[in-house]
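Protein chains in written order, with my numbering: chain L, 406 to 616; chain R, 406 to 616; chain F, 406 to 616; chain X, 406 to 616.
Number of protein chains: 4
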Amino acid sequence: MAPRHKESERDAVMKETRELLLGAAAEEFAREGYRGANINRISRAAGFAKGTIYNYFPSKRAVMLALIEETAKAHADYIVEQVMEEEEPIGRLERFFQAGFAFVPSHLPQSLVMVNNIYGPDVEFKEHMYQAYQPLFQLVGQEIVAHGIARGAFRPADPVATAALLMTIYLGTGSTVDDKGRPWLDPRQVATFALDGLRGGEPEVGEGGTS
Amino acid sequence: MAPRHKESERDAVMKETRELLLGAAAEEFAREGYRGANINRISRAAGFAKGTIYNYFPSKRAVMLALIEETAKAHADYIVEQVMEEEEPIGRLERFFQAGFAFVPSHLPQSLVMVNNIYGPDVEFKEHMYQAYQPLFQLVGQEIVAHGIARGAFRPADPVATAALLMTIYLGTGSTVDDKGRPWLDPRQVATFALDGLRGGEPEVGEGGTS
Amino acid sequence: MAPRHKESERDAVMKETRELLLGAAAEEFAREGYRGANINRISRAAGFAKGTIYNYFPSKRAVMLALIEETAKAHADYIVEQVMEEEEPIGRLERFFQAGFAFVPSHLPQSLVMVNNIYGPDVEFKEHMYQAYQPLFQLVGQEIVAHGIARGAFRPADPVATAALLMTIYLGTGSTVDDKGRPWLDPRQVATFALDGLRGGEPEVGEGGTS
Amino acid sequence: MAPRHKESERDAVMKETRELLLGAAAEEFAREGYRGANINRISRAAGFAKGTIYNYFPSKRAVMLALIEETAKAHADYIVEQVMEEEEPIGRLERFFQAGFAFVPSHLPQSLVMVNNIYGPDVEFKEHMYQAYQPLFQLVGQEIVAHGIARGAFRPADPVATAALLMTIYLGTGSTVDDKGRPWLDPRQVATFALDGLRGGEPEVGEGGTS
DNA sequence: TATGAATGAGAGTTCATTCAT
DNA sequence: AATGAATGAACTCTCATTCAT
């Protein structure tokens, strides 16, 4: 009944509203944590009345879950674009870290929220994170780790688990940039660690014993 | 007025009550996060009425701050005892990781809380963590990193920052042992990374370029 | 966006809700005192859920402060209307006392709260009372006291301070009408005192003496 | 069994402890009001542990009731001593006011508490005040008011009610000395009012009207 | 008699969510 | 689709009172 472009116009408006809400949510969640976040404040910060957010998400939890998904997608797009321009394993790994360290400040609230969820107490969010990042884990596992192992550049290891490790490292590293800029962790050094780790020296440290 | 034994007996009881409360707090904070934690539940879980915890700590925040301090102390004692039995740098580093990986499961709730604070949104807690861990950072920085650098076992790096990095690595690694034991991160591999990283291959990855 | 009537209709409803809440607050404060008053009970007594009052006032203190202001305004309107119909100083003073003694029973809870604040321990409330009553003090000071002094009907005295005294007298007098109607103080006699006091006989009682 | 003076010594100590507690209670009640007062703080301020006050008074209410009684007694003693030195009605009235205005600052916390109770919401305290002050009301009523009326110095009035009025006036006046010394009410002027009021000019103001 | 740890009812306040407009 | 008043569960913190020592 209504003209078709009206429909799609409304769709566009709704999509934009949704993005505004998720952006405001990222900032609120980053600043206050999930429990401390105020959903009314999110809706207001996005420029809407407090009830509006409930037209887009059924609950506060659903906002976080949606934010996790969106961020994982954006993250994956960003990483893939950068990594696939390179062919060599070492080069891909370097690209991966460059892209990773660039992603964090350019999506700071989102990154903080992700890290918060990784190490936070909420099991459902952790699980959702894990699911949402599967595609990226797979891709990094295949196109960087397995690729490098196959070419003999890296020592053998589980590709997906290693991908998770790599991402966790730079996400965590990037997130320790606190207000006062106190450098608990040094990104450069972290990257070096990771590269050395993948290339491998002798294996075996840990419970295994020294003998 | 009262005999001295009575006084010290009371002190002992109060000290134990305090420990019970902090133990219950660690579990609650680990399970629910700071914001989600219920201070009445903590007091009940420790075996007391809900008001009792306020005879020991003036506020919920104060409970967390005290827990951070206690844990940092226990952590430092634990690490130092293990590490100092060894003389060789590589041996010390291995001991450090063994002790670290052992500390986490033996103080799981406390460790989860620490990690949660490191990556959580509360700036006061972060700051307090940093302060409380200074002694351990110093010690690890001196007795492992600087010690190893001096003996040529490790490549040069800032000792204290490196100490923070090492601890963050195993704390974070140990804390991803979620309910289902899903191994996002593999401790052994992490330790290998770290050891390789300290021993060094070529430096330079990250923004710095290859030059 | 919404039609204008809707807006003003909502405004009217909110205003009425506010008045209901302040009315209930006056009764609760009068019966229990500020500290003893239960803000949930206020909201319930006004016909709302306990949280509703927080949509109108940010705190319990704010409710009291608003009540002080509203009452001072109502009080001033009431007094002014009565007093200004008369021209002669003595007549105005009589009108003032008539209006005052009539105001108290017709706004009994509010009056009790005011007196309670005047003689109560809360300095912020006292200060707020003083500020809120300034307009009435000024008016009574000018239109009754100074007016009467200028015409030679009253002896010279500071108009504003005298206004405060007069009001305090009838507020206090009216407020001793306790549940059992026990007449500690007799309004008629009080008014006589005040009139005689203003008209003056010999001055001087008390420590000083003008000689 | 125990020697007799030990007994009376203990009585003396207990009496002093009681006085210390009531003194601290007066200050706490004056500063915080009854509901806001903290009974533990009272016991501490008196130099004892928080439980000690319960060895002397069965409850917080009982502390206030005892304080009312003690203060009324002290007040009566003070007034009677001053007033009875004079024979003439006017002289007695002047003495009464002098003594009254002197009593308030020399027993400021107690006076503030009394006034607070007179105008406060607690009916039991009001009642207790009224009972405790009966002896003083009777005395002032007889020895000043009735005495003066009998000698033709004052106009006829109910002696006891007038006594209550006079006391209320100077208690209230003295109690408006707030922190900043803001003079809502001027003691001198108040005394003049009262004297004139007793001596009488024309009667009739108030609801009766003159017409 | 004095002590102070323990208790638990109760209060102020927050905020996710609902729903009539 | 957007609004915001209303709701009430839930939470932190206070403190009068008890009682074993």
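Virtual Cβ for every residue (Gly too), placed ideally from N, Cα, C.
If you ignore the 5 residues before and after Y483/L, its C-beta comes within less than 7 Å of the C-beta of A504 and F508, all in its own chain and listed in chain order.
Linking L544/R to E532/F through their CA atoms gives a straight-line distance of about 58 Å. The way I'd put it, the region 418-436 of chain X doesn't touch the region 488-497 of chain X; fewer than three beta-carbon pairs between them come closer than 8 Å. Taking CB atoms only, A599/L has a neighbour in chain R less than 9 Å away. Around the Cβ of M572/X, a 10 Å sphere holds 16 or more other Cβ atoms; the residue is buried. Each residue's CA atom was taken as its position, placing T422/R and V528/F some 40 Å apart.
For chain R, the residues of the region 542-576 of chain L that bring a beta carbon within less than 7 Å of one of its beta carbons are A562, A566, A569, L570 and T573, in chain order.
Your pair S448/F and K455/F checks out as a contact, with CB atoms roughly 5 Å apart and the cut at 8 Å. Distance between Q547/F and F506/F, taken at the CA atoms: about 20 Å.
Using a CB distance below 8 Å, the part of the region 500-529 of chain X facing chain F consists of F502, Q503, F506, L517, V520, N521, I523, Y524, G525, P526, D527 and V528, ordered along the chain. Counting C-beta atoms within 10 angstroms of its own C-beta, D601/R has 16 or more neighbours from the protein chains shown and is therefore classed as buried. Annotated as proximal: P494/X and R556/X, with beta-carbon spacing under 9 Å. The beta carbon of G441/X sits closer than 9 Å to some beta carbon of chain F. The distance from the Cβ of A568/L to that of V550/L is about 6 Å, consistent with a contact at the 8 Å cut-off.
Each residue's CA atom was taken as its position, placing R500/F and A562/F some 20 Å apart.
Y575/L is the residue among Y575/L, P540/L, E486/L and V485/L whose C-alpha sits nearest the C-alpha of L513/L. Residues of the region 409-436 of chain R whose Cβ lies closer than 7 Å to any Cβ of chain L, in chain order: A435 and R436. Inter-residue distance for V485/X and R497/X is about 10 Å (C-alpha atoms, whole angstroms). Comparing alpha carbon positions, the residue from F453/X, A442/X, G438/X and R436/X closest to E424/X is F453/X.
Listed in chain order, the non-local C-beta contacts of Q515/F below 6 Å within the same chain comprise A431 and T476, local neighbours out to five positions each way being set aside. In the three-state reduction of the DSSP assignment, P561/X falls in the coil class, being assigned neither a helical nor a strand state. Close partners of G456/F in chain X (Cβ separation under 8 Å) are lacking, with about 23 Å as the shortest Cβ gap. Taking 9 Å as the cut-off, the beta carbon of A566/L is found no closer than this to the beta carbon of E474/L. Listed along the chain, the chain X residues whose CB falls inside 9 Å of the CB of G438/F are G438, Y439, R440, G525, P526 and D527. When C-alpha distances from L603/F are compared across Y439/F, H552/F, L517/F and V518/F, the shortest belongs to H552/F.
Between I554/F and P564/F, the CB-CB gap stays under 9 Å.
With a threshold of 9 Å between beta carbons, R604/F makes contact with chain X. In the three-state reduction of the DSSP assignment, Y461/F falls in the coil class, being assigned neither a helical nor a strand state. Burial state of M519/X is buried, judged by a 10 Å Cβ sphere holding 16 or more other Cβ atoms. At a Cβ-Cβ threshold of 9 Å, N521/L and Y524/R count as neighbours. Counting only the Cα atoms, Y461/F lies some 15 Å from R446/F. Less than 9 Å separates the beta-carbon of L472/R from that of F434/R.
Shown here for A596/R: same chain residues with a beta carbon closer than 6 Å to its own, the five before and five after excluded, namely F502 in chain order.
Chain L has no Cβ within less than 9 Å of the Cβ of V485/R.
For G505/L, the uninterrupted alpha helix (DSSP H) run begins and ends at P494 to S511, by DSSP.
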